[in-house]
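Here is the structure we will look at, set down as structure tokens.
There are 2 protein chains.
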Amino acid sequence: MQRTNFGEMVCSIARTLDVIGEPWSPLILRDVWVGMRRFDELQADLKISRKVLTERLGHLVDHGVLERRPYDNRPRYEYHLTEKGAELVDLLMVMKGWGDKWLAGAAGPPVLYRHHACGEIADVDLHCTHCDKPMHAADVDILPGPGARAGY
Amino acid sequence: MQRTNFGEMVCSIARTLDVIGEPWSPLILRDVWVGMRRFDELQADLKISRKVLTERLGHLVDHGVLERRPYDNRPRYEYHLTEKGAELVDLLMVMKGWGDKWLAGAAGPPVLYRHHACGEIADVDLHCTHCDKPMHAADVDILPGPGARAGY
DNA sequence: CAGGCAGGGTTCCCTTACAGAACTCCATCT
DNA sequence: AGATGGAGTTCTGTAAGGGAACCCTGCCTG
Numbered sequence: 001m002q003r004t005n006f007g008e009m010v011c012s013i014a015r016t017l018d019v020i021g022e023p024w025s026p027l028i029l030r031d032v033w034v035g036m037r038r039f040d041e042l043q044a045d046l047k048i049s050r051k052v053l054t055e056r057l058g059h060l061v062d063h064g065v066l067e068r069r070p071y072d073n074r075p076r077y078e079y080h081l082t083e084k085g086a087e088l089v090d091l092l093m094v095m096k097g098w099g100d101k102w103l104a105g106a107a108g109p110p111v112l113y114r115h116h117a118c119g120e121i122a123d124v125d126l127h128c129t130h131c132d133k134p135m136h137a138a139d140v141d142i143l144p145g146p147g148a149r150a151g152y
Numbered sequence: 001m002q003r004t005n006f007g008e009m010v011c012s013i014a015r016t017l018d019v020i021g022e023p024w025s026p027l028i029l030r031d032v033w034v035g036m037r038r039f040d041e042l043q044a045d046l047k048i049s050r051k052v053l054t055e056r057l058g059h060l061v062d063h064g065v066l067e068r069r070p071y072d073n074r075p076r077y078e079y080h081l082t083e084k085g086a087e088l089v090d091l092l093m094v095m096k097g098w099g100d101k102w103l104a105g106a107a108g109p110p111v112l113y114r115h116h117a118c119g120e121i122a123d124v125d126l127h128c129t130h131c132d133k134p135m136h137a138a139d140v141d142i143l144p145g146p147g148a149r150a151g152y
């Protein structure tokens, strides 16, 4: 947990970082997304400290991104993405695209996505929820919204 | 810098985290994107430690996300997004959308985007680069790519 | 029915990194 | 000549990550 509390800031980016901004959290989410659900499995794959893994899983569960489910009569648990968590995977897909483009080098992308709708290998691109056309950094004006704490 | 070096991992998500995964980096990028370019301006807005701000700016410049430009005959510098950096803003826009939906509560979003193409208030959604249809976590198969270090 | 085992954590110690205030440097402005 | 403003550096305290060892609980086996 970074000492400065991003969750209190009046900014959706900062608030999102409060949920998944800690080191390892996005990678934990990635692993759960691709089907790794158990403590030891995550620990072995990421080689993360068990202490930190415990903390991160707890944090993600507390924020409703993961769900901790018993899967046996013994005290055994699996972690699953909630709907809230599954929507965070959008973020991972965009990160993957950027990393593929700018950091993968000559070896190319470590992983590919095949889109069910068209069956092709593809990546994600950002489109406008209103007109469906592409929408990126240079294509928007930034305006204050209703949650922009009026009064100071 | 988190001690575990994500940049060495065979994963574009981990590599991207190596560039902007440290605390504050996304918020610095956000501020530069909306036009804050100078050290003191960033420091005052974020209330980040000057030491950490120095480290983060250096890291982002080293990774080609920001460019440090003199703007005076005196030793004065401004930070600007490179093309590589501007494409990272995609990530911020997705974070903003998720935070708006899941964390903003009754107050609503602190900030709105107006899309130049249609002039409407809108958010981003992920579409397929191949068929242009929506593409999210549940819509893809994950396959090994050429960069998936063969041999072990 | 005692011992072992597997899953899922805790505990402990060490080191690094963040927070925050104070200090420095340098070129102009007055 | 001294003040000012921008852009950092330095220093000290505290908290968080790394990593190894340990613990607990409920089956499974001999």
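Just so you know, the sequences run in chain order A and B.
If you're matching positions, the first sequence starts at 1 in this note's numbering and goes up one per residue.
If you're matching positions, the second sequence starts at 1 in this note's numbering and goes up one per residue.
Idealized CB from N, CA, C, for every residue including glycine.
Within a Cβ cutoff of 6 Å, which residues of the same chain sit near B/S25, ignoring the five residues on either side of it in sequence?
R56
Which residue marks the beginning of the alpha helix (DSSP H) containing B/D62, and which one marks its end?
50-62
Cβ closer than 8 Å: which chain B residues qualify as neighbours of A/P146?
A107, G108, P109
Are the region 32-40 of chain A and the region 72-85 of chain B touching, with three or more C-beta to C-beta distances below 8 Å?
no
Buried versus exposed, by CB contacts within 10 Å (16 or more), B/D18:
buried
By the criterion of Cβ-Cβ separation under 8 Å, what are the contact partners of A/A104 in chain B?
S12, R15, G147
Please confirm whether B/Y71 has its beta-carbon closer than 8 Å to some beta-carbon of chain A.
no
Tell me whether the beta-carbon of A/C131 lies closer than 8 Å to the beta-carbon of B/C128.
no
Interfacial residues, the region 87-100 of chain B to chain A, with Cβ spacing under 7 Å
E87, L88, V89, D90, L91, L92, M93, V94, M95, K96, W98, G99, D100
Using only CA atoms, which one of B/G108, B/L143, B/P110, B/H116 lies nearest to A/A122?
B/L143
A/G151 - DSSP class collapsed to helix/strand/coil
Bear in mind that the predicted position of A/G151 carries a pLDDT of just 42, short of 50, making it unreliable; the figure below should be weighed with that in mind. A/G151: coil per DSSP, three-state reduction.
Going by Cα to Cα distance, which pick from B/V32, B/R3, B/N5, B/M135 is closest to A/L155?
For residue 155 of chain A there is no data in the structure shown, the boundaries of chain A being 1 and 152.
Listed by chain order, chain B residues near A/R30 by CB distance under 9 Å:
C11, I13, A14
Measure the Cβ-Cβ separation of B/L103 and A/R149 and say whether it is below 8 Å.
no
Runs of 3 residues minimum, wholly inside the region 60-126 of chain A: which ones carry the beta strand (DSSP E) assignment?
66-70, 77-81, 111-115
Got a sec: is the Cβ-Cβ distance from B/V61 to anything in chain A below 8 Å?
no
Quick one: which chain B residues come within Cβ less than 7 Å of A/L112?
L143, G145
Assuming B/G99 contacts A/I13 under a Cβ cut-off of 8 Å, what Cβ separation, rounded to an integer in Å, is found between them?
6 Å
Would you say A/L66 lies against chain B (beta-carbon separation less than 8 Å)?
no
Distance between B/N73 and A/D31 (C-alpha atoms, nearest Å)
51 Å
Spatially closest choice to B/V34 from B/A137, B/V89, B/K51, B/P109, by CA coordinates:
B/V89
Span of the beta strand (DSSP E) holding A/D141?
140-144
Three-state class that DSSP yields for A/P134 in the structure shown:
strand
Assign A/H116 to buried or exposed, taking buried as 16 or more other Cβ atoms, counted over all protein chains shown, within 10 Å of its Cβ.
exposed
Pick out whichever of A/T4, A/Y113, A/G147, A/R69 has its Cα sitting closest to the Cα of B/L27.
A/T4
Please name the residue in B/M9, B/D45, B/T82, B/E83 whose C-alpha comes closest to that of A/M9.
B/D45
Specify, as a first and last residue, the run of the alpha helix (DSSP H) that B/W24 falls within.
Counting along the chain, B/W24 falls outside any alpha helix (DSSP H), and DSSP gives it neither H nor E.
Buried or exposed: which applies to B/P23, given that a residue is buried once 16 or more other Cβ atoms fall within 10 Å of its Cβ?
buried
Just to make sure I have the definition right: I need the residues of chain A whose C-beta is within less than 9 Å of the C-beta of B/L126. Which are they?
D90, M93, V94, V124, D125, L126, H127
Tell me the residue span of the alpha helix (DSSP H) that contains B/F6.
Unbroken run through B/F6: none, as it is neither H nor E.
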